[in-house]
Amino acid sequence: MENKQSSSPASFVDSTVVPGDVVLDLSSMTSQTIKLGGGLRQDCDAISAMKAGTLRFSKPNKYWIESSQKRYVPCVEDTILGIVVDSKADNFLIDIKGPAMGFLPVLAFEGGTRRNIPKFEVGTLLYLRVVKANSGMNPELSCTDASGKAAEFGPLKDGYMFETSTGLSRKLLSSPTCPVLEALGKKLSFEIAVGLNGRVWVNAASPDTIVVVANAIMNSESLSGAQQIIMVDHLLKNIQ
Amino acid sequence: MEVDREDGRSQNQLRPLACSRNILHRAHGSASWSQGDTKVLAAVYGPKAGTKKNENPEKACIEVIWKPKTGQIGKPEKEYEMILKRTLESVCILTVNPNTTTSIIVQVVNDDGALLPSAINAACMALVDAGIPMKHLAVAICCCVAKSGYVILDPTKLEEQQKMKAFAYLVFPNSVHSVLPEGSLRVEGEPIENGIITSVTHGIMSVDDYFYCLERGRAASVKLSDFLRRNLQQQSTDSSKAG
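In structure tokens, the structure reads:
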């Protein structure tokens, strides 16, 4: 019997997959190590999709499903914006828009000792880094980078925070700079912190600027690069 | 046998389908599904930390709330909630987020026949919109056996009340695209598409009629699967999910 060639995995890469689609057949690639990212699960010899989205592949061996949600799935080394919900003896409980609360150890600050524990009120907005994110456990967060320095992590004062989807957060943090941020940066001066969990914080000298920046970012979700620039020009013309 | 249906459809023809996702601003996932005049809105909140008292904390818990169009919540609504909960529990992968609760709220906007299948389809699309991990999609269809013996798909409310002797709500897994040479994953030697997730029957029908319903339902579920896939592809190219 003629051996039917199974369609190569490249056929699903960059196309939309639906939960249940089998995207990789491991029995045909025995000598490789493959890394699976979010949205994929292994079922014996077949890798199938758990979420709907676009299958992406990055050389040499990483596969993942790119999709945009309103909730966040914690991953190690992500920078996120969290809101303090409670403080315990050893940890602060932080809401990170994920399935479980994040724990921020009380000593996870630069030069943090038992004597200088920061006092955060409930509702404080913090810029944090995810240290551990295991399934079933509460993610562990930190206000320092990997070498122990503060590096801009910590509470964000003043400004305005709004929620977006995770897809838009990733677009804002992509390099080269997202068109909407570039277009805004040419005319306005503002400070921005983007959390990969779908939260964005903006601060500027005047409230008008903050509102324009926030609206521009929220509108830019479904627009292409050129459309974003046109939209920003339109918004800026109206305020000047 | 030529079958006379009020709206001119043939025996196996479904009503026009429409589905839109991400319509509610605050819900983490939402979808509206309409089959002809029957329209259902589903919203998903979660996963949120904590499970209910009697639920297993090693798995995710699904909670369904059914809101009828008018009237108070009574036993029929509780029955729908239970059927939806069991169906969705078998479709979602519950081990990914243990000790969490996902709430699904189903609001009936208009009931013109085949209400529970529309609700199942809407809830499934809302779960996809929220990014809840799932094994495959659930595709639901209503088959009814008329008094004169023939089987029709997707009855309207008028047909349900006048013509029916018995009906069956059937939920099948969606048809799956696969790179495996022999098609989708096999469970005990049979492809996943040949399985059935839920079957709810009312009234009296013969075994042969039931199997005939299953066959017609499965054929229609392939068309529904294609519709779902096209819908997800379209909306992923122009997604608009600002929070």
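From first to last, the protein sequence lines are chains A and B. Residues 20 to 259, numbered by my numbering, are exactly what the first sequence covers, in order. Residues 82 to 324, numbered by my numbering, are exactly what the second sequence covers, in order. Even glycine gets a Cβ: it sits at the ideal position worked out from N, Cα and C. Remember, it's a predicted structure, so these values are computed and weren't measured experimentally.
Item to check | Contact set between the region 78 to 104 of chain A and chain B, restricted to residues whose Cβ is under 7 Å from the partner | outcome: Interface annotation for the region 78 to 104 of chain A against chain B: Ser86, Ser87, Gln88, Lys89 and Arg90, criterion Cβ-Cβ distance under 7 Å.
Checklist entry - If the cut is a Cβ gap below 9 Å, which residues of chain A does Leu218/B touch? => result By Cβ distance, chain A contributes Val37, Pro38, Gly39 and Ala71.
Item to check | Extent of the continuous beta strand (DSSP E) run through Ile233/B | outcome: That run of the beta strand (DSSP E) goes Val232 to Leu234.
Item to check | With 16 other Cβ atoms within 10 Å as the buried cut-off, status of Val41/A | outcome: Counting Cβ neighbours within 10 Å, Val41/A comes out buried, since at least 16 surround it.
Checklist entry - Can you check whether the CB of Cys225/B is closer than 9 Å to the CB of Lys238/B? => result Going by C-beta atoms, Lys238/B is not nearer than 9 Å to Cys225/B.
Item to check | Bridge-paired residues (DSSP) for Thr185/A | outcome: Per DSSP, none; premise fails for Thr185/A.
Item to check | Partners in chain A for Ala123/B, counting only beta-carbon separations shorter than 8 Å | outcome: Here the premise fails: no neighbours, minimum Cβ distance about 15 Å.
Checklist entry - Mind checking Cys63/A: buried by the 16 CB within 10 Å criterion, or exposed? => result Label assigned to Cys63/A: exposed.
Next on the checklist: Comparing C-alpha positions only, which one of Ala224/A, Arg133/A and Ser87/A sits nearest to Ala108/A?
Outcome noted: When the alpha-carbon of Ala108/A is set against those of Ala224/A, Arg133/A and Ser87/A, the nearest one is in Arg133/A.
Item to check | Span of the alpha helix (DSSP H) around Glu159/A | outcome: Counting along the chain, Glu159/A falls outside any alpha helix (DSSP H), though it belongs to the beta strand (DSSP E) covering Glu159 to Ser161.
Item to check | Gly121/A versus Ala195/B - alpha carbon distance | outcome: So the alpha carbons of these two residues sit roughly 43 Å apart.
Checklist entry - Applying the criterion that 16 or more other CB atoms from any shown protein chain within 10 Å of the CB defines a buried residue, is His217/B buried or exposed? => result Classification for His217/B: buried.
Checklist entry - Is the CB of Ile222/B under 9 Å away from at least one CB in chain A? => result Not an interface residue.
Next on the checklist: Can you tell me which residues form a DSSP beta bridge with Lys81/A?
Outcome noted: Lys81/A pairs with Lys54/A and Ser77/A.
Checklist entry - Since His109/B and Arg90/A are thought to touch, with beta carbons under 8 Å apart, how far apart are those beta carbons, to the nearest angstrom? => result At roughly 5 Å, the Cβ-Cβ gap stays under 8 Å, so His109/B and Arg90/A are in contact.
Item to check | Of the listed residues Asn234/A, Glu240/A, Leu126/A and Glu210/A, nearest to Gly167/A (C-alpha basis) | outcome: Considering only alpha carbons, the answer is Leu126/A.
Item to check | Through-space distance from Ala141/B to Thr228/A, alpha-carbon basis | outcome: As the crow flies, the alpha-carbon of Thr228/A is around 43 Å from that of Ala141/B.
Checklist entry - Is Tyr296/B helix, strand or coil when you go by DSSP? => result Looking at the sequence provided, one finds Glu at residue 296/B rather than Tyr. Residue state for Glu296/B is assigned as helix, using DSSP reduced to three classes.
Checklist entry - Is Leu305/B close to chain A, meaning its C-beta is less than 9 Å from at least one C-beta of that chain? => result It does not; no Cβ of chain A falls within 9 Å.
Item to check | Assumed close pair Ile84/A, Ala68/A - CB separation to whole angstroms, cut-off 8 Å | outcome: With a Cβ gap of about 6 Å, Ile84/A and Ala68/A count as contacting.
Checklist entry - Got a sec: is the Cβ-Cβ distance from Arg60/A to anything in chain B below 9 Å? => result Cβ-Cβ to chain B under 9 Å: yes for Arg60/A.
Checklist entry - So which residues on chain B does Ala202/A lean against when the C-beta distance must stay under 9 Å? => result The contact set of Ala202/A on chain B, defined by CB atoms closer than 9 Å, is empty, because the minimum CB distance reaches about 18 Å.
Checklist entry - Can you name the start and end residues of the alpha helix (DSSP H) that Gly89/B belongs to? => result No alpha helix (DSSP H) contains Gly89/B, which DSSP labels as neither H nor E.
Item to check | Arg310/B (DSSP reduced to helix, strand or coil) | outcome: Helix.
Next on the checklist: Quick test of the definition: if touching needs 3 or more C-beta pairs under 8 Å, does the region 143 to 153 of chain B touch the region 176 to 195 of chain B?
Outcome noted: Yes, they touch.
Item to check | Limits of the alpha helix (DSSP H) - the one that Ile115/A falls within | outcome: Neither: Ile115/A is in no alpha helix (DSSP H) and is coded neither H nor E.
Next on the checklist: At the level of alpha carbons, what is the spacing between Met163/B and Phe128/A?
Outcome noted: Met163/B and Phe128/A have their C-alpha atoms spaced approximately 48 Å apart.
Next on the checklist: Considering only DSSP beta bridges, list what Gln88/A is partnered with.
Outcome noted: Beta bridge pairing from DSSP links Gln88/A with no other residue.
Item to check | Same chain, Cβ closer than 8 Å to Ser321/B, five either side skipped, listed in chain order | outcome: Confidence at Ser321/B is low in this model, with a pLDDT of 42, below 50, so its placement is unreliable and the value that follows should be read with caution. Asn103, listed in sequence order.
Checklist entry - Taking the DSSP output, what are the residues bridged to Thr282/B? => result In the DSSP output, where bridge partners are listed per residue, Thr282/B has Ala249/B.
Item to check | Own chain partners of Asp307/B with C-beta closer than 8 Å, once the 5 adjacent residues on each side are dropped | outcome: The answer, listed in chain order, is Ser256.
Checklist entry - Which residue or residues does DSSP assign as beta-bridge partners of Ala130/B? => result Partner(s): Thr181/B.
Checklist entry - How long is the line joining the alpha carbons of Gly324/B and Asn234/A, rounded to whole angstroms? => result At Gly324/B, the pLDDT of 32 sits below 50, so the modelled position is not reliable; the number obtained from the coordinates is stated separately. Their backbone Cα atoms lie some 12 Å apart in a straight line.
Item to check | Closer than 9 Å to chain B by CB, Asp227/A | outcome: So, not an interface residue.
Item to check | Backbone secondary structure at Gln116/B - three-state DSSP | outcome: Three-state result, Gln116/B: strand.
Item to check | Closer than 9 Å to chain E by CB, Gly142/A | outcome: As a matter of chain content, chain E is missing from the structure shown, whose protein chains are A and B.
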